[in-house]
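**Q**
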């Protein structure tokens with residue numbers, strides 16, 4: 004009797020660990036490529052210990068066949084990846100904004116490995132991404148991501164296959180929303196870039212012998228850094244409001 008009880012509890016615990024572990028492997032701040040996998044899994048284990056008493060009663064009974072167990076584990080893994088990827092997709096807003104800003108300010112040649120994306124990108128994009136993760140933890144928005152893990156059991160009950168249409172719609176909304184926010188953050192630099200290049204074109208017509216490359220590039224970089232210093236705080240607030248709004252919408256659905 005005791006062995007059966009322990010078997011049921013261990014199975015339920017492992018199902019919770021599968022979902023939370025998959026989510027934390029890709030979630031912003033928790034699942035960064037620069038963090039060793041064993042640390043991420045250890046964090047998932049501790050969070051599983053904290054949430055298990057609340058969500059274990061929602062876990063279905065252990066199936067008899069190995070195929071059913073495999074399907075259940077696969078479903079929990081997919082759901083965890085979806086929850087984690089939700090935050091990751093929102094982070095693309097900062098990467099998009101940083102990339103646009105870099106090319107509008109002649110800093111696109113400065114390439115750096117983005118620790119939050121795991122790919123090489125513009126230095127400004129890497130700076131924005133790292134700053135976004137820092138501010139998420141500084142403003143306690145990471146607690147909303149952890150709350151989303153708990154509420155995911157109401158949104159995606161264990162043992163049920165998620166509706167692929169709903170998942171595709173959610174991913175489309177996140178991608179379009181993140182791109183929109185990224186372009187809104189970069190809007191001052193887009194306007195500045197257009198105005199600057201129009202002025203450069205007029206200047207070259209008036210002074211054809213001017214070594215335009217050596218004169219204009221330092222001015223463009225300096226002006227871009229000044230604009231960045233002015234709009235950085237408001238840009239980050241804009242992103243944090245977007246991140247919080249999306250997480251609140253997800254929690255309300257749950």
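In this note's numbering, the protein residues as written are 4 to 257.
Quick reminder that beta carbons are idealized off the backbone N, C-alpha and C, glycines included.
Taking Cβ positions, are residue 312 and residue 30 nearer each other than 7 Å?
**A** The structure shown does not extend to residue 312, since the chain is modelled only from 4 to 257, so the question has no answer here.
**Q** Quick check on residue 103: does DSSP put it in helix, strand or coil?
**A** As a working mapping, residue 103 is identified with position 100 in the chain shown. Here residue 103 sits in helix by DSSP.
**Q** Is the Cβ-Cβ distance between residue 79 and residue 147 less than 7 Å?
**A** As a first step, residue 79 is located in the chain shown; it is residue number 76 there, counting from the start. As a first step, residue 147 is located in the chain shown; it is residue number 144 there, counting from the start. No, the Cβ-Cβ distance between residue 79 and residue 147 is not below 7 Å.
**Q** With a Cβ-Cβ cutoff of 7 Å, do residue 162 and residue 128 count as a contact?
**A** Counting from one through the chain shown, the residue named residue 162 turns up at place 159. Counting from one through the chain shown, the residue named residue 128 turns up at place 125. Cβ distance not < 7 Å, so residue 162 and residue 128 don't count as in contact.
**Q** Grouping DSSP H, G and I as helix and E and B as strand, with all else coil, what is residue 146?
**A** Here residue 146 corresponds to residue number 143 of the chain shown, with the count starting at 1. Correct three-state label for residue 146: helix.
**Q** What does the alpha-carbon distance come out to for the pair residue 192 and residue 107?
**A** Along the chain shown, one-based indexing puts residue 192 at 189. Along the chain shown, one-based indexing puts residue 107 at 104. In a straight line, the C-alpha of residue 192 is about 6 Å away from that of residue 107.
**Q** Using the DSSP secondary-structure output, state which residues sit across from residue 125 in a beta bridge.
**A** Stepping through the chain shown from its first residue, residue 125 is reached at position 122. In DSSP, residue 125 forms a bridge with 114.
**Q** If we count the other Cβ atoms within 10 Å of its Cβ and call it buried at 16 or more, is residue 103 buried or exposed?
**A** The residue given as residue 103 occupies position 100 in the chain shown. Answer is buried; the Cβ neighbour count reaches 16.
**Q** The alpha helix (DSSP H) that contains residue 34, what's its start and end?
**A** Taking the chain shown and counting its residues from 1, one reaches residue 34 at position 31. Where residue 34 is concerned, there is no enclosing alpha helix (DSSP H), given that its DSSP letter is neither H nor E.
**Q** Given residue 126, which residues of its chain have a CB within under 6 Å of its CB, disregarding the five upstream and five downstream residues?
**A** Reading the chain shown from its first residue, position 123 is the one you call residue 126. 113 and 115, listed in sequence order.
**Q** Quick test of the definition: if touching needs 3 or more C-beta pairs under 8 Å, does the stretch 88-100 touch the stretch 181-196?
**A** The stretch 88-100 is in contact with the stretch 181-196.
**Q** State the DSSP-derived secondary structure class of residue 25, mapped to helix, strand or coil.
**A** Counting from 1 along the chain shown, the entry for residue 25 is found at position 22. Helix at residue 25.
**Q** Let me make sure I understand the geometry here. Which of 86, 41 and 63 has the alpha-carbon closest to that of residue 11?
**A** Taking the chain shown and counting its residues from 1, the one referred to as residue 11 is at position 8. Comparing Cα-Cα distances from residue 11 to each of 86, 41 and 63, the minimum goes to 63.
**Q** Return helix, strand or coil for residue 166, following the three-state DSSP convention.
**A** Reading the chain shown from its first residue, position 163 is the one you call residue 166. Correct three-state label for residue 166: coil.
**Q** Helix, strand or coil for residue 154 per DSSP?
**A** The residue given as residue 154 occupies position 151 in the chain shown. Residue state, collapsed to three classes: helix.
**Q** Please give the ranges of any alpha helix (DSSP H) in the stretch 212-247, keeping only runs that are unbroken, at least 4 residues long and fully inside the region.
**A** Counting whole runs of 4 or more residues, the stretch 212-247 contains no alpha helix (DSSP H) stretch at all.
**Q** With distances taken Cα to Cα, identify the nearest neighbour of residue 174 among 86, 223 and 242.
**A** Start at 1 with the first residue of the chain shown, and residue 174 comes out as number 171. If we check each option's Cα against that of residue 174, 86 comes out closest.
**Q** Out of curiosity, what's the CA-to-CA distance linking residue 130 and residue 231?
**A** Position 127 of the chain shown holds residue 130. Position 228 of the chain shown holds residue 231. If you take the alpha carbons of residue 130 and residue 231, they lie about 12 Å apart.
**Q** So, using beta-carbon positions, are residue 200 and residue 58 closer together than 7 Å?
**A** What you label residue 200 is simply residue 197 of the chain shown in a count that begins at 1. What you label residue 58 is simply residue 55 of the chain shown in a count that begins at 1. Taking 7 Å as the Cβ cut-off, residue 200 and residue 58 do not qualify as a contacting pair.
**Q** Could you check what DSSP says for residue 62 in three-state terms: helix, strand or coil?
**A** Start at 1 with the first residue of the chain shown, and residue 62 comes out as number 59. Of the three classes helix, strand and coil, the one that applies to residue 62 here is coil, per DSSP.
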